[in-house]
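These notes concern the structure reproduced below.
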Amino acid sequence: MAVVERRVFPRGFLVRIGALLCLYSLTRALFFYFNQTVLESFSAGEIFRAFALGFRFDAWVVSATMLPLFLLEVWNWKTRSLLAQRVTRGFSAFVFALHVVFVFLELADTQYFRFTGRRTTLAILELSSDGIEQSFQLLKNFWVVPVATLLLMSSVAWVWSQSRKLGGLATEPVRPAQVINAVIIGIVVGVLGLRGGLQTKPIATAHAMLLGQSQLAALALSTSFQITHSAENRNLKLQTFFNDEQQVRRVLEVPRERHAPVNLENFNVVVLVVESLSAEYMGYAGINQTYAPFIRQLADKGLYFDNAYSNGRTSIEAFPSLLASLPSMVGEPFITSQYSSVKTHSLGHVLAGRGYSSEFFHGCNNGSMYIDSMAKLFGFQRFFGRYDYPPGDKDYDGSWGIYDEPFLQFAASRMGEIRQPFAVGIFTLSSHNPYKIPAHLQQRFSAGKLPFQNSLAYADYAVQKFFESAEKQPWFKNTLFVVTGDHTSDLESPKFMSEQALYRVPLIFYDPSGQLKPAVSHRLVQHADVFPSVLDLLGIEESKLEKPMLPFGQSVFLPERYARAANRAGDWFWYQEGKSVVRFPADGSAFGLQENADVAHAVGHDFKIEIVELLNDTLTPSAGRVPTEAEAQGIVNRAKAYLQFFNNRMSHNRLLEF
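For the sequence shown, the positions run 0 to 657 when numbering that gives the first Met the number 0 is used.
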């Protein structure tokens, strides 16, 4: 019996579009499910609004891929030629394959968002070599992504095959009026989908920003949309809040004379960064459990800042902030951005000019996350990675690099050979996914509820062993240690789930000689403050440096009235002084730009500047005290100056000219 040939168009084609829209809504539901710990504080109405807005982003993705296929289907429907049939089916297969990739990316972000706090953009391609090297362990540990992709796309494939049964017979005549009507309706609907609604400007990331919180914006956004659009948005937007650049500088300027209580002249410096160490796991802030007991002891013996912020959510963003006072405000990591060649001023270079030797230790594959490139860029003379580890792969964890304990022992031994004074950077890795622990220690570190907590406990143990070895060496008591985490990860307590708290890391200055007295400070500090603070402790006066310091960081020993922190959370910029936080879109569109009024109207909001006071215990906005008009104007002006200085000077490669 002969098979009756049917075309997909028109009814079957509509079913395919509907299946894709449902598919992307389902991936958003999975995004919510896997990240509900940071989304559960929002009301049902806010979540619904994010889903509704997300449907418009999905409509863009579906329209962008299906509109060309629609035109081919019309051609095939009208002409009934063999060429039209083959071209249409071939392009249909290509579109289906494209959606396989898109769905994989959407599902991958359900997991990756926990580490970055934002939707993935095209910048991920800059780290593709790491992804290829780690592909096996990533697929193994995040098996839900390929499995869910296979299941979902298999279901869509079945719908696509069944949709052909709904189409008309290939032999049915098609009237010209039918074709004209179909083309008009299809193009109108397709263009509406591409524009994301009836507003005068097409849908953009700015729509999601109007939801008011970066977590809600991430829920609404589509990874596929972000990746396809991020190539257009990789340039920083020049700002004109202030016409006089010197006025910007004056607004941001702080005293640059020495304020440190001690002078540790010619002390060695060790900046120890512990992978994913958040403030939550230090046992402070009303949380009793700590998975880093030794680092907690260091905090008790040193100057500990319990109100410290990282300047990014990934490892690759931490080091420009720590070593060069350069916060992560480009929208992608500095080292992979087009601005990576901008002239900077760094700790390594300043100390090298004063006779310091310097080395950097990170047990991962050389080249991973560009850590070795950043070490060189910021003045460290030599880098030691996995391939420089003398025992070879004897202590290789099978995934990322050398286990922390043996590699930190190697670092401690090597430091005994470096000419003093020296500056050393150390970055651990074992508390990074997939959270590997040496077999003989797995039972010892198994008390945590999460695999990350166990690996952090092992990293803490490795740090303890490092200090035990260091204490036996003659350079130890003549060394300033700075200990912090690169970013937060796998948080557990609701106290650390707010947008601000997601950046909270410990910061410790430890002086074994005892000159810097132990204390706990509640002063607001950030990673960008480490560079000038180390100089202050070493007796190096910033005002006498050959190159000026960037205004983003300041010595933590300055009076508290100068304290501030700033970050770019997705497409939001927030700036904090004390407990006051001002938030607005990072492109400056909150400040009366009429061209964006239609975008605001489309989501039922106005572009606005938010000023909130944070609660002490949860770092979430309080409904209590509201800043006075004068206070609000002051903090807004300083936030605008901060953003303008960064964007304009970075864009023109003039960070060090003023």
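For every residue, glycine included, the Cβ atom is placed at its ideal position computed from N, Cα and C.
Check your understanding: Terminal residues of the continuous beta strand (DSSP E) containing residue 338?
Key -> Counting along the chain, residue 338 falls outside any beta strand (DSSP E), and DSSP gives it neither H nor E.
Check your understanding: Would you call the segment 456-463 and the segment 233-251 touching, i.e. three or more CB-CB distances under 8 Å?
Key -> no
**Study point:** Unbroken beta strand (DSSP E) run spanning residue 680, endpoints
**Key:** Because the chain is modelled from 0 through 657, residue 680 falls outside the range shown and cannot be assessed.
Review point. For residue 321 versus residue 333, is the C-beta distance shorter than 9 Å?
Key: no
Review point. Of all the options 267, 51, 350, 106, which has the alpha carbon lying nearest to the alpha carbon of residue 148?
Key: 106
**Study point:** Which of helix, strand or coil DSSP assigns to residue 648
**Key:** helix
Check your understanding: Just curious, the beta strand (DSSP E) that residue 306 is in, first and last residue?
Key -> 302-308
Point to revise | Beta-bridge partners of residue 400, as assigned by DSSP | key: 363
Practice item. Evaluate the contact criterion for the segment 356-364 versus the segment 549-568: three or more CB pairs, one atom per stretch, below 8 Å. Key: no
Point to revise | CA-to-CA distance, residue 217 to residue 15, given in whole angstroms | key: 26 Å
Practice item. Using three-state DSSP, classify residue 549 as helix, strand or coil. Key: coil
**Study point:** Helix, strand or coil at residue 579 [DSSP, three-state]
**Key:** strand
Check your understanding: Tell me the DSSP bridge mates of residue 356?
Key -> 421
**Study point:** Opening and closing residue of the beta strand (DSSP E) in which residue 186 lies
**Key:** Careful: residue 186 lies outside any beta strand (DSSP E), inside the alpha helix (DSSP H) at 175-194.
**Study point:** Distance, residue 226 Cα to residue 595 Cα
**Key:** Residue placement at residue 595 cannot be trusted, given a pLDDT of 44 that sits under 50; the coordinates are not used to answer.
Review point. When burial is assigned at 16 or more other CB atoms within 10 Å of the CB, is residue 11 buried or exposed?
Key: buried
Check your understanding: When the distance is taken between beta carbons, is residue 62 closer than 9 Å to residue 188?
Key -> yes
Review point. How many Å lie between residue 192 and residue 59 at the Cα?
Key: 5 Å
Review point. Which class does residue 9 belong to by DSSP, given the choice of helix, strand or coil?
Key: coil
Exercise for review: If I'm right that residue 609 touches residue 578 with Cβ under 8 Å, what's the distance once you round it to whole angstroms?
Suggested key: Contact doesn't hold; Cβ gap of about 14 Å is too wide.
Point to revise | Range of the contiguous alpha helix (DSSP H) that encloses residue 145 | key: 143-162
Exercise for review: May I have the straight-line CA-CA distance separating residue 212 from residue 45, to the nearest angstrom?
Suggested key: 10 Å
**Study point:** Three-state class that DSSP yields for residue 58 in the structure shown
**Key:** helix
**Study point:** Which listed residue (102, 116, 68) has its alpha carbon closest to that of residue 94
**Key:** 68
Practice item. Output the boundary residues of the alpha helix (DSSP H) element that contains residue 87. Key: 81-115
Review point. Comparing alpha-carbon positions, which option in 580, 509, 528 lies nearest residue 499?
Key: 580
**Study point:** residue 384 versus residue 549: straight-line alpha-carbon distance, rounded
**Key:** 30 Å
Review point. Cβ atoms of residue 504 and residue 485: under 9 Å apart, would you say?
Key: yes
Review point. Using 8 Å as the Cβ pair cut-off and three pairs as the minimum, do the segment 435-453 and the segment 374-381 touch?
Key: no
Review point. Enumerated in chain order, which unbroken segments of the alpha helix (DSSP H) with a length of 4 residues or greater are wholly contained in the segment 478-566?
Key: 529-536
Exercise for review: Could you check what DSSP says for residue 405 in three-state terms: helix, strand or coil?
Suggested key: helix
Practice item. Starting from residue 271, follow the beta strand (DSSP E) in both directions and report where the run begins and ends. Key: 267-273
Exercise for review: Rounded to whole angstroms, what's the CA-CA distance from residue 327 to residue 101? Just pull it up for me.
Suggested key: 27 Å
Review point. From which residue to which residue does the beta strand (DSSP E) around residue 673 run?
Key: The structure shown does not extend to residue 673, since the chain is modelled only from 0 to 657, so the question has no answer here.
Check your understanding: Would you say the segment 517-526 touches the segment 564-572, given that touching needs at least three Cβ pairs under 8 Å?
Key -> yes
Review point. In or out: residue 541 buried (at least 16 other Cβ within 10 Å) or exposed?
Key: buried
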